[in-house]
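Written out as structure tokens, the structure reads:
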């Protein structure tokens, strides 16, 4: 399935989800199938995962957070996403469609920290605890305060236990 077709389905499903109060996974799967012509089970699961990441996760950054070697994620506008794996920043192929998408993600992450991020408060710092116990230290600055576009910095603090031999 093309990326454009996937985006169109996601947009239509999001509109329908706004009208329904409580949607379980079976209903979500049915909505996705209603909004598309023909989809494989893999495509349905991919769209469900994208919807989850876009509504409760870190959107396109989820794939980077899933990498256990990543310690930092830096977003400098929609086309500059970098990671640090302990040896300096590396560019990634991850991109946002527009600065509005980066801003939306930054605002949602700020709300998850119990903070406000908008034109009146164009920068924010906070902490987020993920379902797997990982702690994220979050910083964001909105455009035009950040001249390259909305910037997000995530420091990934993974909960690991060290053995005596590791020390």
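Residue numbers (full-length UniProt numbering): 1 to 167.
Yeah, the Cβ is synthetic: ideal placement off N, Cα and C, and Gly gets one too.
Keep in mind that this is a model prediction, so the values were computed, not measured.
Continuous alpha helix (DSSP H) stretch holding residue i: start and end
i           : result
residue 131 : Counting along the chain, residue 131 falls outside any alpha helix (DSSP H), and DSSP gives it neither H nor E.
residue 35  : Here residue 35 belongs to no alpha helix (DSSP H), and DSSP marks it neither H nor E.
residue 61  : Here residue 61 belongs to no alpha helix (DSSP H), and DSSP marks it neither H nor E.
Limits of the beta strand (DSSP E) - the one that residue i falls within
i          : result
residue 21 : Taken as a continuous stretch (DSSP letters only), residue 21 belongs to no beta strand (DSSP E), as it is neither H nor E.
Residue nearest to residue i in terms of C-alpha spacing, selected from the options
i           : options      : result
residue 127 : 118, 93, 114 : 114
residue 13  : 122, 29, 102 : 29
Helix, strand or coil at residue i according to DSSP, with G and I counted as helix
i           : result
residue 153 : strand
residue 72  : strand
residue 102 : helix
residue 84  : strand
residue 168 : Outside the displayed span of the chain (1 to 167) sits residue 168, for which this structure offers no information.
residue 109 : helix
Inter-residue spacing [alpha-carbon to alpha-carbon] between residue i and residue j
i           : j          : result
residue 100 : residue 36 : 26 Å
residue 156 : residue 20 : 34 Å
Cβ-Cβ separation, residue j to residue i (assumed contact under 8 Å), whole Å
i           : j           : result
residue 168 : residue 142 : Limits of the chain in this structure are 1 at one end and 167 at the other, which puts residue 168 out of reach.
residue 152 : residue 105 : 7 Å
residue 140 : residue 89  : No, residue 140 and residue 89 are not in contact; Cβ-Cβ is about 18 Å, not under 8 Å.
residue 32  : residue 44  : 5 Å
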